[in-house]
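Be aware that the sequence shown starts at 787, since it is given in this note's numbering, and climbs by one per residue.
We put the CB at the ideal spot given by N, CA and C, even for glycine.
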Amino acid sequence: MERTFAIIKPDAFAAGHAGKILARIYAEGFKVVGLKKLYMSKVEAEGFYYVHKERPFFGELTDFMSSGPCVVMVLEAAGAIKKWRDLMGATNPADAAAGTMRKEFGTSIGENATHGSDALETAAFEIPYFFSGLELL
Ligand code: RTP
Ligand code: MG
């Protein structure tokens, strides 16, 4: 079984979509191994997205991620990383397929409702960034 790290981003949480997104996660067969609401600081968001630190949207991205509460999760399934990326859809909601989280709940490339790890190594960094081993028992 594979694990991935997921976020219901501040836009989707503030809009009241967390319940619908979680219902879809269960309906697709993921096991929710970890889940908590948190309000990321700017510094925490910068550390989380450090791979993008040279990108022009880094300031905007980390302002947004620290603009309100979000829900962070660890999801488990066979092929969880790709399975969750597929369910999220394309980064830009305008390009995302019908029925995906970003198509349904995203409003712009910046405010795109959800995050998901993009590779095993990424999940191995992102999961322990927010969860201790004890929280994932
Ligand atoms: P994520 O990491 O959040 O799951 O998204 P992703 O893999 O689909 O996209 P990535 O390239 O990793 O970008 C991270 C997040 O940065 C924001 N972004 N803004 N303004 C822009 O051009 C732009 N490009 C990316 C998005 O919120 C994206 O999810
Ligand atoms: Mg990414």
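Query	Result
Rounded straight-line distance, which links the Cα of M874 to that of M887	5 Å
Boundaries (first-last residue) of the beta strand (DSSP E) holding V858	C856 to A863
Own chain residues within Cβ distance below 7 Å of S827, not counting five before or after	S852
DSSP bridge partner residues for G892 (one or two, in chain order)	G892 pairs with nothing; no bridge assigned.
Buried or exposed by the 16-neighbour rule on C-beta atoms within 10 Å, applied to S903	buried
8 Å Cβ cutoff met for E862 and R810	no
Per-residue burial, N878 [other beta carbons within 10 Å of its own, 16 or more giving buried]	exposed
Host alpha helix (DSSP H) of V829 (start-end)	K828 to F834
Under 8 Å between C-beta atoms of T900 and A792	yes
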